[in-house]
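Quick note, the sequence shown lines up with residues 1 to 370 if you use the working numbering.
Cβ coordinates follow ideal geometry from the N, Cα and C atoms, glycine included.
So the structure is just underneath, and the comments pick up after that.
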Amino acid sequence: MLEDEETAELLKKLSVPGRDRPPGSRSILSQATTEEKILWFIKTPIRALMCLSLVTIFFLTYFGFMIPVMWARKVWPRLYWFVEGKLYRWLQGFIGTWGYTAGYDVFEYGDDLTPYYRDERVLLMCNHQSTADVPTLMACLQSKGVASRKVTLLMEISVHRIMTLKQHLQDVFWDRDRRWVIVFPEGGFYYKRVESSQRYGKLNGFPHLKYTTLPRMGAVKAILEELGPRGDSTDETRERSSSKLKQLADTITDTVGAIREKKYVKETRPPIRYVLDVTIAYPNGIPLSLATLGFGTREKCDIAVNYKIYNADEVPFNDEEKLRDWMYSVYKEKDEMLGIFMDMQADNHDFDSSIYVNFSYKKFIFQEFV
Numbered sequence: 001m002l003e004d005e006e007t008a009e010l011l012k013k014l015s016v017p018g019r020d021r022p023p024g025s026r027s028i029l030s031q032a033t034t035e036e037k038i039l040w041f042i043k044t045p046i047r048a049l050m051c052l053s054l055v056t057i058f059f060l061t062y063f064g065f066m067i068p069v070m071w072a073r074k075v076w077p078r079l080y081w082f083v084e085g086k087l088y089r090w091l092q093g094f095i096g097t098w099g100y101t102a103g104y105d106v107f108e109y110g111d112d113l114t115p116y117y118r119d120e121r122v123l124l125m126c127n128h129q130s131t132a133d134v135p136t137l138m139a140c141l142q143s144k145g146v147a148s149r150k151v152t153l154l155m156e157i158s159v160h161r162i163m164t165l166k167q168h169l170q171d172v173f174w175d176r177d178r179r180w181v182i183v184f185p186e187g188g189f190y191y192k193r194v195e196s197s198q199r200y201g202k203l204n205g206f207p208h209l210k211y212t213t214l215p216r217m218g219a220v221k222a223i224l225e226e227l228g229p230r231g232d233s234t235d236e237t238r239e240r241s242s243s244k245l246k247q248l249a250d251t252i253t254d255t256v257g258a259i260r261e262k263k264y265v266k267e268t269r270p271p272i273r274y275v276l277d278v279t280i281a282y283p284n285g286i287p288l289s290l291a292t293l294g295f296g297t298r299e300k301c302d303i304a305v306n307y308k309i310y311n312a313d314e315v316p317f318n319d320e321e322k323l324r325d326w327m328y329s330v331y332k333e334k335d336e337m338l339g340i341f342m343d344m345q346a347d348n349h350d351f352d353s354s355i356y357v358n359f360s361y362k363k364f365i366f367q368e369f370v
C-alpha cells in the first residue's frame with residue numbers, strides 16, 4: 001500500500017478511462033465530434049497497418065542490403081558495420097515517426113549534445129515508464145548524427161547477467177565502433193516498481209522518489225568498469241604531463257607493459273568519457289504506450305526530454321557505495337525535474353526554451369522506398 005498521496009494519485013490516473021483523464025492524456029475519441037470519430041475509424045486501421053508493415057518490410061529488406069556485404073564482416077568490418085548502422089538508423093526513424101505522425105511532439109531541453117554525438121563515447125541513462133520510452137529515444141536519436149547508427153541498446157539487465165554483459169561489451173563495443181550505450185537503470189516500468197522502491201527507500205533511509213524509482217547500479221557499474229575511464233591511461237591525463245619527453249617515455253613504457261600483459265588492444269581504444277542522464281516527461285505523468293503510438297488513440301500532446309551531461313571520471317564506479325549514492329542523487333534530481341515538468345504542462349507552459357524534434361518527410365519517403 002502506497003503511503004505517498006501524490007504517487008497514489010498518479011497511479012490512480014493511470015487506471016482511469018481515457019475520457020476522464022486530465023487534458024493532454026485523454027482519449028482522442030472522447031474529444032472528437034461525430035465526423036471526426038468516423039474519420040478516425042477509417043484512418044486508424046490504415047495508419048496502424050502502415051506502421052507495422054514498414055517495420056516488417058524493413059526486416060525483410062534488411063537481408064537484401066546485408067547479404068551482398070556479408071563478405072566484408074571479416075575482410076572489411078568497417079564497411080560491414082557502416083551499412084548495418086545505416087539500416088539501424090533507418091529502423092529508428094520508422095519507429096520514431098509513429099508518435100510524430102500521430103501528433104505526439106517531442107521537445108528537447110537541457111545540455112547541448114552537439115559536442116558529444118560524433119566522436120565521444122557516452123553512457124546514456126534514462127528513466128523507464130512505458131513501452132513508448134524507446135520510440136521516444138529513437139525519435140531524439142535521429143538528429144544525433146553518428147551516434148544514432150553507432151548505439152548499443154541494453155534493456156533490463158539482471159544481476160545474474162552482469163558477467164555476460166561485460167563479455168558482450170568486450171565483443172561488440174570497440175570492434176563495431178559503438179559510440180553510445182543506452183541503459184534503463186530502474187530495471188522495469190515505473191508503475192511496477194514504485195511501491196517497492198518507496199518501501200525500500202524508507203526502510204534504508206534512501207531518497208523518497210515520487211515520479212521515478214531507485215535505480216539499480218549493476219549494469220552502470222559493469223559498463224563503466226569495462227568501457228569507462230582507465231585512470232592515468234586516459235588522453236586527458238597524458239595531456240597534463242609537463243614534459244613532451246616525459247610523455248614519450250610514459251607512452252613507450254605503458255605500451256611495452258600493455259603488450260606484455262596482452263591488454264594493448266583494449267587500453268588504446270577510446271573509453272566512455274561522459275554519462276548522459278536523460279529524463280522523459282509525459283503529460284500529467286501518464287506515459288504513452290507502443291499501442292498508443294501505433295494507433296494514435298490519445299489526443300495530441302507534447303513530450304519533454306531533458307539532457308544533463310556528467311564527466312565519467314567523476315562517477316565513482318569503482319566503489320559500490322559511492323556509486324549508489326551518486327546514482328540516487330542523480331535520480332533525486334530527475335524526480336524533482338519531473339515534478340517541475342508536470343507543473344509546466346498542467347499550466348499550459350510554452351515550450352519556448354526547447355528544441356522541437358522534427359522529421360523530414362523527404363528523408364522518410366526516401367528511406368521507405370530505397
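Given residue i as reference, the closest of the options once Cα atoms are compared
i	options	result
R47	R216, Y100, P77 and V16	Y100
V83	T56, T34, S148 and R121	S148
E5	T164, F63, F65 and E195	E195
Y331	L290, R216 and I42	R216
M163	V122, A132, R176 and E225	E225
E333	G85, T213, Y191 and F107	T213
V122	E321, G85 and D313	D313
N318	V275, K221 and I340	K221
L165	W174, L154 and D175	L154
S329	Y274, Y62, G201 and R273	G201
D133	D171, L87 and F184	F184
Residue(s) in a DSSP beta bridge with residue i
i	result
A147	Answer is none; A147 lacks a bridge partner.
F298	Per the sequence presented here, residue 298 reads as Arg, with Phe not at that position. R298 pairs with S27.
Y109	N306
D277	M125 and K308
T152	V181
Y104	C301
I286	I286 pairs with nothing; no bridge assigned.
E356	The question names Glu, yet the displayed sequence has Tyr at residue 356. Per DSSP, F107.
Status (buried if at least 16 other CB within 10 Å, exposed otherwise) for residue i
i	result
T136	buried
E299	buried
R89	buried
Y356	exposed
S360	exposed
N358	exposed
D343	exposed
S8	According to the sequence as given, residue 8 is Ala; it is not Ser. Classification of A8: exposed, given that the 10 Å Cβ count is below 16.
I187	Reading off the sequence shown, one finds Gly at residue 187, where the question assumed Ile. So G187 counts as buried.
P229	buried
K263	Residue confidence is low: K263 scores 43 on pLDDT, short of 50, so the model does not pin down where it sits. Its coordinate-derived value is still stated next. That one is exposed.
R273	buried
G85	buried
L54	buried
C-alpha distance - residue i paired with residue j, whole-angstrom precision
i	j	result
S241	L323	In this prediction, S241 has a pLDDT of 38, which is less than 50 and means its spatial position is unreliable; nothing more can be read from the coordinates.
F189	I280	13 Å
G110	C301	20 Å
A102	S130	18 Å
C126	G96	17 Å
G285	L124	22 Å
L14	T152	31 Å
T34	R26	17 Å
I223	A32	48 Å
I303	P316	32 Å
S289	I28	14 Å
C140	N204	36 Å
V106	V305	7 Å
E108	Y282	13 Å
G339	V278	15 Å
P270	G93	28 Å
A219	L49	36 Å
Q198	Y191	12 Å
F173	K150	9 Å
F41	P23	22 Å
Y307	D325	20 Å
L91	R161	27 Å
E336	L10	15 Å
R193	L169	27 Å
S30	S354	30 Å
L227	P45	45 Å
Y310	I38	50 Å
R78	R176	8 Å
F371	C51	Because the chain here runs from 1 to 370, residue 371 falls outside it and cannot be looked at.
Y62	E321	44 Å
Q167	P68	29 Å
M138	K43	25 Å
is_contact[residue i, chain B] using C-beta, thresh 8 Å
i	result
T7	Among the protein chains of the structure shown there is no chain B, as only one such chain exists.
Would you call the region 114-132 and the region 143-156 touching, i.e. three or more CB-CB distances under 8 Å? yes
Taking one C-beta from the region 198-215 and one from the region 164-181 each time, how about it: are there three or more such pairs within less than 8 Å? no
Check whether the region 102-114 and the region 69-78 touch, using three or more Cβ-Cβ pairs below 8 Å as the test. no
Okay, do the region 13-27 and the region 289-296 touch, 3+ Cβ pairs below 8 Å being the bar? no
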